[in-house]
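Enquirer: What follows is a single structure, and I will ask about it in a moment.
Residue numbers (the numbering used here): 2 to 231.
Written as structure tokens, this is what we have:
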């Protein structure tokens, strides 16, 4: 028949074929606009037989990540114990265990509880906080290059610290001497002026970047470029 083409066991109108292709194309465009489908939606479209191997692979990945997490946690504990035991005042394993249980006296208790453990815990918490902040920035901006240096936060902190040192004369050697001589609260506060101004500069740089991103509706790549420009 004229105007018809054979397709499979029947005939198909070329106009209908073109309309079908357009509908398929529009469906693909809508799917791409919505983004990648979630794992739950994808799994619901599969049969139970097809879901089984995917579920096994997914559980295997989760188990490997859990094992890696506990391995890193164990290595961190070993390094912390090593850092407590080794130093200018070395401690044997038995002495260290007695000190951790509160049975040590004299300089051993002072070294473990007043010097080394606070320093080690501060290092662990600081590293955890920095790692969490980095993951948060990279997740929000959807860019693995996001970091304090590329967002202008480090530069803002450096500017705040420099401003405190140049304008207010903070951070000088006289601050520690004044504190030991029983100086006034204003002079004692000057010990922390550099830190406070550095924190304020970092917060100001972050607010500037967030304001630019909201007002100009900048993309994640543009936010990174703006941070580098700061």
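Where a beta carbon is used, it is the ideal one built from N, C-alpha and C, also for glycine.
This structure is a prediction, so every number in the text was calculated from the model and none was measured.
Is residue 60 buried or exposed, if buried means 16 or more other CB atoms sit within 10 Å of its CB?
Expert: Exposed, because fewer than 16 other Cβ atoms sit within 10 Å of the Cβ of residue 60.
Enquirer: Could you give the residue range of the alpha helix (DSSP H) that holds residue 116?
Expert: Looking at the DSSP string, residue 116 is not in any alpha helix (DSSP H), and its letter there is neither H nor E.
Enquirer: Compute the Euclidean distance between the alpha carbons of residue 53 and residue 141, then round it to the nearest angstrom.
Expert: Distance between the alpha carbons of residue 53 and residue 141 is about 33 Å.
Enquirer: By the three-class DSSP mapping on this structure, what secondary structure does residue 49 have?
Expert: Residue 49 falls in the helix class under three-state DSSP.
Enquirer: Cα separation between residue 157 and residue 167?
Expert: Approximately 15 Å between the Cα atoms of the pair.
Enquirer: My output table needs one value for residue 205: the three-state DSSP class, helix, strand or coil.
Expert: Residue 205: helix per DSSP, three-state reduction.
Enquirer: Determine the DSSP secondary structure at residue 155, reduced to helix, strand or coil.
Expert: If DSSP states are grouped into helix, strand and coil, residue 155 belongs with the helices.
Enquirer: What residue range does the alpha helix (DSSP H) around residue 104 cover?
Expert: No alpha helix (DSSP H) holds residue 104; DSSP gives it neither H nor E.
Enquirer: Examine the ligand COA and report whether any of its heavy atoms sits within less than 7 Å of the Cβ of residue 193.
Expert: Among the components modelled here there is no ligand, and therefore nothing to report on the ligand COA.
Enquirer: Do the CB positions of residue 147 and residue 225 come within less than 8 Å of each other?
Expert: The answer is yes: Cβ separation under 8 Å.
Enquirer: Rounding to the nearest angstrom, what Cα-Cα distance links residue 96 and residue 79 in this structure?
Expert: When rounded, the distance between both Cα atoms is 16 Å.
Enquirer: For residue 136 and residue 145, I'd like the C-alpha separation in whole angstroms.
Expert: In a straight line, the C-alpha of residue 136 is about 9 Å away from that of residue 145.
Enquirer: Give me the residue from 218, 152, 76 and 204 with the minimum Cα distance to residue 230.
Expert: Measuring from the Cα of residue 230, the nearest candidate turns out to be 152.
Enquirer: Return helix, strand or coil for residue 171, following the three-state DSSP convention.
Expert: If DSSP states are grouped into helix, strand and coil, residue 171 belongs with coil.
Enquirer: Take residue 1 and list the residues in its own chain whose beta-carbon comes closer than 7 Å to its own, dropping the five residues that flank it on each side.
Expert: Missing from the structure shown is residue 1; the chain here goes from 2 to 231 and no further.
Enquirer: How is the alpha helix (DSSP H) around residue 227 delimited, first residue to last?
Expert: Start and end: 221-230.
Enquirer: Alpha carbon to alpha carbon, how far is residue 110 from residue 85?
Expert: Rounded to the nearest angstrom, the two C-alpha atoms are 11 Å apart.
Enquirer: What whole-angstrom Cβ distance do residue 161 and residue 199 have, given they're in contact under 8 Å?
Expert: About 5 Å separates the two Cβ atoms, so the contact holds.
Enquirer: Can you tell me whether DSSP reads residue 90 as helix, strand or coil?
Expert: In the structure shown, residue 90 sits in coil (DSSP, three-state: anything other than H, G, I, E or B).
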